[in-house]
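Take a look at the structure set out below.
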Amino acid sequence: MSLFYDLHSHSSASDGRLSPTELVHYARQQGVDVLALTDHDITSGISEAKQAASHLALKVIAGVEISVIWRKQTLHILGLNIDPDNAALLAGLGKIRQARLWRAQEMGRRLAKAGFSDLYAAAHAIANGENVTRTHFARVLIEQGHAKDMKQVFKRFIVPGKPGYVAGEWAEMAQAVEWIKNAGGISVIAHPARYKLSATKMRMMIDEFMQAGGEGIEVISGSHSKNESQQIAALARHYNLLASRGSDFHDPAIPYINMQTLPVLPNDLTPVWAVWQ
Ligand SMILES: [Zn+2]
Ligand SMILES: [Zn+2]
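In the working numbering, each residue carries its 1-based index in the sequence shown increased by 157.
Here you go:
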């Protein structure tokens, strides 16, 4: 029997709802055999997840999801099977988190100038530690009645040209790939269909990713439609990239991202886990 791999998930160490221990138990209940914990720009949840999994029939893969910039576009690169204590990786992730903190404070300042005071404090209060994201600001603005839902709040306040938008100062893509490689891991382009790149730009991005040493692409993602997964599978075939599969699970209350119903990889592709065996 083949194992059920989910190589993309988030805990409360970044913006997930469940603690690493709760996440591991939840994944096991959903039938996952091998789970990668890939929190945003942080590896602090991994030891707890591994500890919790040691009592279960589930293996935890140490991972991370790094926010990078490629030609002014924010992309996410997964690092899978990394050493979560690698010094250069930790230093790089620390810098990204500092930039995220600065960005959140700057968002607060700009929104205050536009007449919305104390949002940073409110966003900080509902975030885990210092990791305040645009999502946290959005939740506060909705709660205060300034917008009715996530779609509207982003459009009104936190996209380019709006008062709360501050561009992220992330790592360069090639830099993140190098950190992952030096930490013994494999780089995977996360949810590639979500960036809405033209076909030409997508090919340019993959070329540069591979030149930097990147090896994998997330073919099956909780945020891909069936059609999108087929398009990404074709790219994996064309470029001979390792194929990955991950739910991008954050929250049991979000029904459309479901570990259990995640489709399997097309069987002509080489799964990223083949190189671990
Ligand atoms: Zn992502
Ligand atoms: Zn993610």
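Each residue gets a CB set at the ideal place from its N, CA and C atoms; glycine is no exception.
Rounded straight-line distance, which links the Cα of residue j to that of residue i
{"i": "Glu385", "j": "Asp425", "result": "17 Å"}
{"i": "Asp198", "j": "Ala347", "result": "13 Å"}
{"i": "Tyr352", "j": "Asn415", "result": "21 Å"}
{"i": "Val376", "j": "Val297", "result": "34 Å"}
{"i": "Lys305", "j": "Glu365", "result": "40 Å"}
{"i": "Gly220", "j": "His407", "result": "15 Å"}
{"i": "Val191", "j": "Gln388", "result": "25 Å"}
{"i": "Ala261", "j": "Ser159", "result": "43 Å"}
Outcome for residue i when other beta-carbon atoms lying within 10 angstroms are tallied against a minimum of 16
{"i": "Ala278", "result": "exposed"}
{"i": "Ser224", "result": "buried"}
{"i": "Ile337", "result": "buried"}
{"i": "Tyr162", "result": "buried"}
{"i": "His293", "result": "buried"}
{"i": "Arg228", "result": "exposed"}
{"i": "Asn288", "result": "buried"}
{"i": "Pro317", "result": "exposed"}
{"i": "Asp372", "result": "In the sequence under discussion, the amino acid at residue 372 is Glu, which differs from the Asp named in the question. Burial call: buried."}
{"i": "Ser382", "result": "exposed"}
{"i": "Ser274", "result": "exposed"}
Residue i: first and last residue of the uninterrupted alpha helix (DSSP H) it sits in
{"i": "Val345", "result": "Taken as a continuous stretch (DSSP letters only), Val345 belongs to no alpha helix (DSSP H), being part of the beta strand (DSSP E) at 343-346."}
{"i": "Asn339", "result": "330-339"}
Own chain residues within Cβ distance below 7 Å of residue i, not counting five before or after
{"i": "Ala210", "result": "Val181, Lys216, Val217"}
{"i": "Ala295", "result": "Met307, Val310, Phe311, Ile315"}
Close Cβ partners of residue i (< 6 Å) along its chain, the five nearest in sequence each way excluded
{"i": "Ala206", "result": "Pro177, Val181, Leu194, Val217"}
{"i": "Asn243", "result": "Ala340"}
Residues near residue i in its chain [Cβ-Cβ closer than 8 Å; skip 5 each side]
{"i": "Arg174", "result": "His407, Asp408, Pro409, Ala410"}
Contiguous alpha helix (DSSP H) assignments of at least 4 residues, all confined to the stretch 355-418: Counting whole runs of 4 or more residues, the stretch 355-418 contains the alpha helix (DSSP H) stretches 356-368, 383-396.
Quick check on the DSSP output: what are the complete beta strand (DSSP E) runs of length 3 or more inside the stretch 185-238, in order along the chain? You should have 191-194, 216-227, 230-237.
Complete runs of the alpha helix (DSSP H) confined to the stretch 232-315 [at least 4 residues]: Under the rule that a run must span 4 or more residues, the alpha helix (DSSP H) segments found entirely inside the stretch 232-315 read 244-270, 276-283, 291-300, 307-314.
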